[in-house]
Each structure stands twice: as structure tokens, then as C-alpha cells.
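This report concerns only the one structure given below.
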Amino acid sequence: MNKAAFIKIGFLLTVLFSGSKALAQARIDDECIRKIDPYYVYFTAFQPEPGLMAQRFCQKLPTVGRVITTVDYEEHALRDMKTEIRIIQVESWSDAFDEEKDTQAKTVVHVPAQTYPQGALTVEHTFTEPGYFVELLALESQGQVRHVLRFPFQVGTGGSLSWMTVSITLVFFALAHLPRDNAYKIDNLLC
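All residue numbers for the sequence shown refer to the numbering used here, where the first residue is 284 and numbers rise by one.
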């Protein structure tokens, strides 16, 4: 296969990858957002390790160790409400979505209720073992809990290779090992 064919294939894969990245971003955003009518609350987790700090995570954090979670309240109405933060450890991924399992769960972080006038709630914790966790936010107004938000996540899920990275690698490997006459046909197809 000639250089022009590789450039064309690279361009097509870049377009494909860009579209998939946008779709993946939309999926991540859905997992990281909760709505308290008419307000939105945003959850993000970071792992301040080399190669990971620039990435934001929502439900699957690749390694155990130090984790910084942030929750953002854009609306001032939420900033005036007291918020209690708890991170609990549950037995399974399905338990992370089951409120009834919360009473049996082990609390690993607890931040007493307070207001967050800047709208940024940050929690830092070092996870020493992989597992399933939930960050719970209990929002109070006039001394009563009005809303409870759940942000389930896993710690220690392994590497962060996406299916797209694997797919692109396999396509390039397959193209590099095509017989010359098939490579010529593909080059003509792309023209």
C-alpha cells in the first residue's frame, strides 16, 4: 500500500475517532450529571497520577490510589443548601444503584453538612483496594433533607484502553498484512 492510501485511511479513522469521541463524551456526561429540577449537578473524578490527571472519570477509575472527586453546583439555589457528603463502599455494581444497600455499606469518607458558596464540592481520598463505591450527597433546606444524589463509581477497573483504540490498532494491523493486489484495490477504492 502506498503512502497516499495510508494518509486517506488515517484521515478516515481520524474522522471516525472524532465522532466516536463525541458520542463517548455524551455518554460520560449522562453518567456524570444528575438533575434536581430545574438544576443540574456535575460529578467528575480525577486520579492525580502521571498520565491520568488530564483525564476525567465518572464511573470507572482505572487504578487504586489517590482520587479527587468534584461536584459542581452551577445554580446559586443549590449553593445555599447545606450538603452532607458520604462515600460508601458496597459489595457489587448492582448494590451501587440500590438505596436499600446503603445502610449495610461501609462509610469510607464523611464530610458533615455545610454550604458551598463557590459551588465546588471537592473530596480527596486514597483508595487502597479496588471496589464499588457511591458518593452520596444529601442536600438540606430549612433543616430537612430535600434531595439525595448518588454517583456510583468503581476503583481499580484496569487500563483505560478504549474499544476505539483497539479497533484502530486492529485495522492498521490488518491493512499492513494484506497481499499487494488487495492493497491496490483498497487504494483505488479510497480515491
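Using N, Cα and C, we set each Cβ at its ideal position, and we do this for glycine too.
As the structure is a computational prediction, the values presented were derived from the model and not from experiment.
Same chain, Cβ closer than 7 angstroms to residue i, five either side skipped, listed in chain order
i	result
Pro-413	Val-347, Val-438 and Gly-439
Thr-411	Val-347
Glu-332	Thr-346 and Gly-348
Lys-365	Ala-396, Gln-397, Thr-398 and Glu-423
His-393	Arg-369
Glu-358	Tyr-322
Own chain residues within Cβ distance below 6 angstroms of residue i, not counting five before or after
i	result
Val-434	Before going on, a small fix: residue 434 reads as Phe here, not Val. Only Phe-326 and Glu-418 meet the Cβ criterion.
Trp-376	Tyr-415
Pro-400	Arg-362
Three-way DSSP call (helix, strand, coil) for residue i in this model
i	result
Gln-387	helix
Asp-381	coil
Glu-314	helix
Beta bridge counterpart(s) of residue i as assigned by DSSP
i	result
Pro-413	Answer by DSSP bridge pairing: none, since Pro-413 is not bridged.
Leu-429	Note that residue 429 corresponds to Arg in the displayed sequence, not to Leu. None; Arg-429 has no bridge partner.
Gln-397	Thr-366
Gly-441	In DSSP, Gly-441 forms no bridge with anything.
Asp-355	Tyr-325 and Ala-403
Gln-372	Lys-389 and Phe-416
Arg-349	Thr-409
Ala-421	Glu-367 and Val-431
Leu-344	Val-438
Status (buried if at least 16 other CB within 10 Å, exposed otherwise) for residue i
i	result
Ala-379	buried
Glu-429	In the sequence on display, residue 429 carries Arg and not Glu. So Arg-429 counts as exposed.
Val-373	buried
Val-431	exposed
Ala-360	exposed
Nearest-angstrom Cα separation, counted from residue j out to residue i
i	j	result
Ala-388	Glu-382	10 angstroms
Phe-436	Thr-405	16 angstroms
Cys-341	Gly-426	30 angstroms
Lys-384	Ile-371	10 angstroms
Ala-328	Thr-352	4 angstroms
Leu-420	Gln-338	23 angstroms
Asp-477	Gly-402	The question about residue 477 has no answer, for the chain in this structure spans 284 to 474.
Val-391	His-408	9 angstroms
Val-324	Glu-367	15 angstroms
Ile-316	Val-350	19 angstroms
Lys-343	Asp-355	19 angstroms
Glu-314	Thr-386	24 angstroms
Cutoff 8 angstroms; reference residue i; Cβ partners in own chain excluding five residues on either side
i	result
Asp-320	none
Lys-318	Val-324
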